[in-house]
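Everything on this sheet refers to the single structure shown next.
Number of protein chains: 2
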Amino acid sequence: MKKVIDAAASLRERKKARTREAIIDAALNLFERNGYDNTTIEDIAAAAEVSPRTFFRYFESKLDLIMTRTDSHADDFGPLLADRPAGESLLDALREVLLSQLDAQLDDPLVLREFQVMLSTPSLRTMAREHFYEEEAGLVSGVAAHLGLDEDDLASHVIGAMIAGALWATVNRWVAEGAERDRIMPMLDEAFSILAKGLAQPAVPSSG
Amino acid sequence: MKKVIDAAASLRERKKARTREAIIDAALNLFERNGYDNTTIEDIAAAAEVSPRTFFRYFESKLDLIMTRTDSHADDFGPLLADRPAGESLLDALREVLLSQLDAQLDDPLVLREFQVMLSTPSLRTMAREHFYEEEAGLVSGVAAHLGLDEDDLASHVIGAMIAGALWATVNRWVAEGAERDRIMPMLDEAFSILAKGLAQPAVPSSG
DNA sequence: TACAATCTGTCAGTTGACTGTCATAAGTCA
DNA sequence: TGACTTATGACAGTCAACTGACAGATTGTA
């Protein structure tokens with residue numbers, strides 16, 4: 003799964019891969035320093051030492067540059083959820099799915115960096131969130147299947163949205179607190195516990 | 003609160019108000035027909051029978067046109083929540099706050115129309131959602147205050163996000179099902195019931 | 001009516017995303 | 001090496017958002 007440059011590929015392929023990475027790297031640097039909106043494609047091209055025209059040979063748009071990578075992280079929850087054993091509770095199933103997803107993603111150091119850029123740049127944050135919530139559609143069908151509900155049922159949507167919201171909030175807090183790898187699962191477990199108990203109970207004491 | 007043109011204002015003021023409404027109306031028509039992204043300011047100006055330059059005298063940007071109105075709907079939950087009596091449960095408090103908000107907003111026929119345009123245009127939908135979730139910040143502090151939690155506490159954020167997600171999902175379903183005024187509260191109550199019970203329970207049977 | 005304040009259209013111009021075209025440079029392969 | 005394919009840069013150009021400046025029309029007011 004890791005997208006390291008393949009040494010066995012042809013020279014041409016390796017060059018392309020390197021150019022691509024150079025553009026992404028340059029873009030991330032500029033986004034981090036000046037923000038996404040204040041960075042022009044010309045800036046990115048100059049920093050990556052390619053022509054602006056070449057930028058567009060690698061990416062459809064500035065947005066595409068950042069979304070392509072985000073896309074690749076989004077290996078949909080829905081089908082994975084649906085595949086879990088029937089006896090398992092929804093939240094247990096979700097936890098397992100999440101665990102395997104995270105393992106795969108946190109190995110790539112660029113993921114975290116991009117995530118941090120995204121969360122700190124409002125316009126990117128919006129897009130990241132939107133993208134994150136696109137998962138919700140898959141989540142909703144997974145939830146519906148798991149619980150034996152209809153997909154059009156309000157309950158499926160509400161539950162999907164609750165879960166997605168809780169996950170988004172947790173990941174954000176995690177990044178805000180420094181994004182230490184071994185903190186993410188405990189935090190997710192706290193979120194799961196709140197999701198499980200519901201809000202009818204009195205306050206959940208902070209266990210962290 | 004209603005933004006009808008004030009007959010007592012000067013001719014000049016009334017004209018301005020009318021021009022403003024004409025621009026908004028023209029924009030909404032075009033957005034509905036062709037989508038937000040396929041509508042240029044020139045189109046809007048032409049349809050509203052003003053010059054493009056004049057458009058910018060009324061709105062900072064195309065985005066501003068739609069966001070200004072959305073902004074005005076966002077009378078923040080946070081403070082309102084904090085004001086509820088201490089004995090009341092979080093969800094009861096929320097229900098009351100929501101009820102009063104909805105009463106005020108659903109009187110304006112443009113609100114629903116704009117909402118429908120927003121939800122059906124992906125790029126606007128993103129922004130609407132983002133905007134909706136900005137409420138979450140207020141919600142989080144309201145939740146924290148109500149439950150006696152710290153605002154930095156993960157639980158506050160997770161609970162706020164769960165609620166915001168549930169509300170968003172509910173409103174969306176409501177609009178998708180035709181946005182009948184007397185359907186919204188029952189649907190919200192179903193959402194509240196799910197929020198209250200939590201996800202540890204087996205499936206919630208559809209009560210609608 | 002006449003003057004002042006304000007609104008609007010016209011027009012010219014900037015910026016930045018994005019595309020087409022063509023010549024050249026570099027990689028591939030016989 | 002030489003012919004073929006592909007990547008790149010240079011350049012010109014489109015499109016749409018957005019701004020500044022000015023002149024003419026409209027409204028408020030004395």
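Here the protein sequences line up with chains A and B, keeping their order. So the first sequence is residues 3 to 210, counted in the numbering used here. So the second sequence is residues 3 to 210, counted in the numbering used here. We treat Cβ as the ideally placed atom computed from N, Cα and C, and that holds for glycine. All figures in this text were calculated on a predicted structure; none of them were measured in a lab.
Short CB-CB distance (under 8 angstroms) between residue i and chain A
i	result
B/R175	yes
B/K199	yes
B/I161	yes
B/A202	yes
B/H75	With a pLDDT of 49 at B/H75, under the threshold of 50, the modelled position of that residue is not reliable, and the figure given next carries that caveat. So, not an interface residue.
B/E34	no
B/I26	no
B/A181	no
B/A193	yes
Residue i vs residue j beta-carbon contact at 8 angstroms
i	j	result
A/D2	A/S158	This structure gives no information on residue 2 of chain A, because the portion of chain A shown stretches from 3 to 210.
B/L201	A/A198	yes
A/A181	A/L114	yes
A/V99	A/F79	yes
B/I2	B/A168	For chain B, the structure presents residues 3 to 210; residue 2 of chain B sits outside this window and is missing.
B/A49	B/N31	yes
A/W170	A/R131	yes
B/L93	B/L149	no
A/I43	A/K64	yes
A/A29	A/L67	yes
Cβ neighbours of residue i in the same chain (closer than 6 angstroms, five flanking residues each side left out)
i	result
B/V145	S158, I161 and G162
B/A24	A50
Same chain only: Cβ atoms within 7 angstroms of residue i, ignoring 5 sequence neighbours per side
i	result
A/E175	The sequence given here has Arg at residue 175 of chain A, not Glu. These residues qualify, in order along the chain: M189.
A/R183	L108
B/V177	F117, Q118 and L121
B/A95	L83, R86 and H148
B/E34	V119
A/G37	T123
Minimum Cβ-Cβ distance from residue i to chain B less than 8 angstroms
i	result
A/A215	The structure shown has nothing for residue 215 of chain A, since chain A only spans 3 to 210.
A/A157	yes
A/L92	yes
A/T128	yes
A/T70	no
A/M189	yes
A/M120	no
A/G210	Low confidence applies here, because A/G210 scores a pLDDT of 39, under 50, leaving its location unreliable; read the following figure in that light. Judged by the 8 angstroms Cβ criterion, A/G210 is in contact with chain B.
A/G167	yes
A/T123	no
A/I196	yes
A/A171	yes
Close beta carbons around residue i, own chain, < 8 angstroms, minus the five adjacent residues each side
i	result
A/S53	A47
B/A166	F134, Y135, E137, E138 and L141
A/T70	F61
A/L156	none
B/H75	Note that B/H75 has pLDDT 49, beneath the 50 cutoff, so the model's placement of it is unreliable and the number below is only indicative. These residues qualify, in order along the chain: Q107 and V113.
A/T21	A50, V52, T56 and Y60
B/R97	L190, D191 and F194
B/P219	The structure shown does not extend to residue 219 of chain B, since chain B spans only 3 to 210, so no value can be given for it.
Worksheet entry | Cβ contact check for the stretch 112-121 of chain B and the stretch 57-66 of chain B: 3 or more pairs under 8 angstroms | With a cut-off of 8 angstroms, the stretch 57-66 of chain B and the stretch 112-121 of chain B do not count as touching, because too few Cβ pairs lie within range.
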